[in-house]
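Just below is one structure, and these are the notes that go with it.
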Amino acid sequence: MKNPVFAVALSAVLSSSFIATAQADKLDDIIGSGKLRCAVTLDFPPMGSRDEANKPVGFDVDYCNDLAKVLGVDPEIVETPFPDRIPALVSGRADIIVASTSDTLERAKTVGLSIPYFAFQMVVLTRDNTGINSFDDLKGKALGNTSGTYEAIALEKDVKSWGSGSFRAYQSQNDTLLAVAQGHIEATVVTNTVAAATLKSGKYKNLKVAGNAPYVVDYVSLGAKRNEYGLLNYLNLFVNQQVRTGRYKELWVKWVGTEIPPADLTVPHVYY
5 MKNPVFAVAL SAVLSSSFIA TAQADKLDDI IGSGKLRCAV TLDFPPMGSR
55 DEANKPVGFD VDYCNDLAKV LGVDPEIVET PFPDRIPALV SGRADIIVAS
105 TSDTLERAKT VGLSIPYFAF QMVVLTRDNT GINSFDDLKG KALGNTSGTY
155 EAIALEKDVK SWGSGSFRAY QSQNDTLLAV AQGHIEATVV TNTVAAATLK
205 SGKYKNLKVA GNAPYVVDYV SLGAKRNEYG LLNYLNLFVN QQVRTGRYKE
255 LWVKWVGTEI PPADLTVPHV YY
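Residue numbers (our numbering): 5 to 276.
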């Protein structure tokens with residue numbers, strides 16, 4: 005006589021096995037496809053931009069290439085503006101996000117985030133004729149920033165709390181920089197890396213850095229869908245290896261330079 009308890013247990017095991025087989029892990033899918041699609045923002049030098057031949061270049065581009073190499077697949081850069089990073093992932097246009105995405109708890113409700121792979125210090129960027137020499141001088145001024153970025157959210161919040169001045173959102177980093185240079189806004193807050201790259205480019209002769217912004221260091225993560233645990237675990241190990249092997253520092257020197265020391269991603273007894 006068949007044991008009904010045993011039959012139910014066996015059915016559950018077989019069902020679980022079938023589901024596991026039917027739902028392959030995203031990491032397996034990427035390896036099987038031979039391609040890794042990375043959502044990268046290409047108007048955010050030195051993290052992502054295009055060279056004179058219109059080829060994607062930058063820290064994030066190299067990071068995607070490094071990950072594709074260890075996976076044994078070809079990298080594909082999916083150009084993605086800041087506001088579209090998570091939609092690109094959720095819609096399936098990209099496998100992962102490699103686009104300087106801040107590791108906020110709110111964002112983590114929607115997308116899975118790795119341990120930090122980069123970190124930014126915020127600085128004030130303005131024209132040399134505005135009289136702005138520090139963050140405190142921003143009160144009451146016409147300000148703006150790139151929609152969806154950590155610094156935009158923080159700066160807009162400050163403008164509202166001051167009760168004076170104005171804030172305008174722009175779709176791209178280039179639009180924000182141009183707005184400052186042409187006088188549409190008085191200043192913005194950008195990462196130290198963007199400021200260094202912008203001044204070094206010589207494209208905007210009238211811009212200057214006016215000190216640090218009092219915002220916390222912006223740690224940024226790689227992103228994958230929340231339920232892709234195998235892929236997220238692999239991304240964490242990959243970031244770990246990039247730091248341990250010195251590749252993180254190598255890429256920092258290549259794209260940021262030696263004037264700004266690499267942000268310390270190690271946390272004793274926690275990371276690495």
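For each residue, glycine too, the CB sits at the ideal point set by N, CA and C.
Per-residue DSSP class, three states only, for residue i
i    : result
Y223 : strand
L14  : The predicted model places L14 with a pLDDT of 48, which falls under 50 and marks its position as unreliable; any figure quoted below should be read in that light. Helix, per DSSP.
D179 : helix
Q186 : coil
Y233 : helix
E110 : coil
Y174 : strand
A214 : strand
E155 : helix
G36  : helix
L117 : strand
S21  : Here S21 scores only 46 on pLDDT, less than 50, and its place in the model should not be relied on; the value that follows carries that caveat. Looking at S21 - three-state DSSP - the assignment turns out to be helix.
R248 : helix
G241 : In the sequence as displayed, the identity of residue 241 is Leu instead of Gly. Reduced to three states, the DSSP call for L241 is helix.
L31  : helix
L142 : helix
I264 : coil
S104 : strand
S165 : helix
A26  : Any answer about A26 is weak, because its pLDDT of 43 lies below 50 and its placement is not dependable; what the coordinates show is given next. Helix at A26.
M5   : Note that M5 scores a pLDDT of 48, beneath 50, so its modelled location is shaky and nothing firm can be said.
Spatially closest choice to residue i from the options, by CA coordinates
i    : options                : result
V128 : V243, N216, G250, G234 : N216
V224 : A57, E110, S106        : S106
V179 : R41, G148, F139        : Residue identity check: residue 179 is Asp in the sequence provided, not Val. It is G148.
K39  : P49, G234, N69         : N69
L181 : T114, L75, G250, A199  : A199
V77  : I34, D140, T150, K258  : I34
P50  : H188, W256, G116, P272 : W256
I157 : G250, V243, Y219, F124 : Y219
S37  : E80, K212, A103, S165  : E80
L226 : D66, A103, Q175        : A103
F171 : E190, Q245, N231, K258 : E190
N133 : G152, P120, L211, V163 : L211
K73  : T270, V260, K258, F242 : F242
V115 : R89, Q177, D140, S138  : R89
K209 : L71, I264, P266, Q186  : Q186
Q245 : R97, Y67, T195         : Y67
N196 : R54, L75, T262, K59    : T262
T153 : K258, D141, Y174       : Y174
Y121 : L142, D162, D64        : D64
G144 : V163, L203, E155       : V163
K258 : G62, A57, R97, T150    : G62
Whole-Å CB distance - residue i paired with residue j, under 8 angstroms assumed
i    : j    : result
I100 : A214 : Actually they are not in contact, since the Cβ atoms of I100 and A214 sit about 36 angstroms apart, beyond 8 angstroms.
K30  : K229 : 7 angstroms
A146 : G169 : 6 angstroms
S126 : D222 : For the record, residue 126 in the displayed sequence is Met; it is not Ser. The Cβ separation is near 7 angstroms, so the contact holds.
S95  : L236 : S95 to L236, Cβ: 19 angstroms. No contact.
A123 : A43  : Going by Cβ atoms, the distance from A123 to A43 rounds to 20 angstroms, so no, they are not a contact pair.
P85  : T130 : Their Cβ separation, rounded to whole angstroms, is 24 angstroms, which puts P85 and T130 out of contact at 8 angstroms.
L159 : V193 : 5 angstroms
D47  : S205 : Between S205 and D47 the Cβ distance is about 13 angstroms, and since that is not below 8 angstroms, they are no contact.
The beta strand (DSSP E) enclosing residue i, as first and last residue numbers
i    : result
R41  : 39-44
R131 : 126-131
D78  : 78-83
N58  : That residue, N58, is in no beta strand (DSSP E); it is neither H nor E in DSSP.
Residue span of the alpha helix (DSSP H) that contains residue i, given as start and end
i    : result
D66  : 63-75
E254 : 251-259
I90  : 89-94
A200 : 196-205
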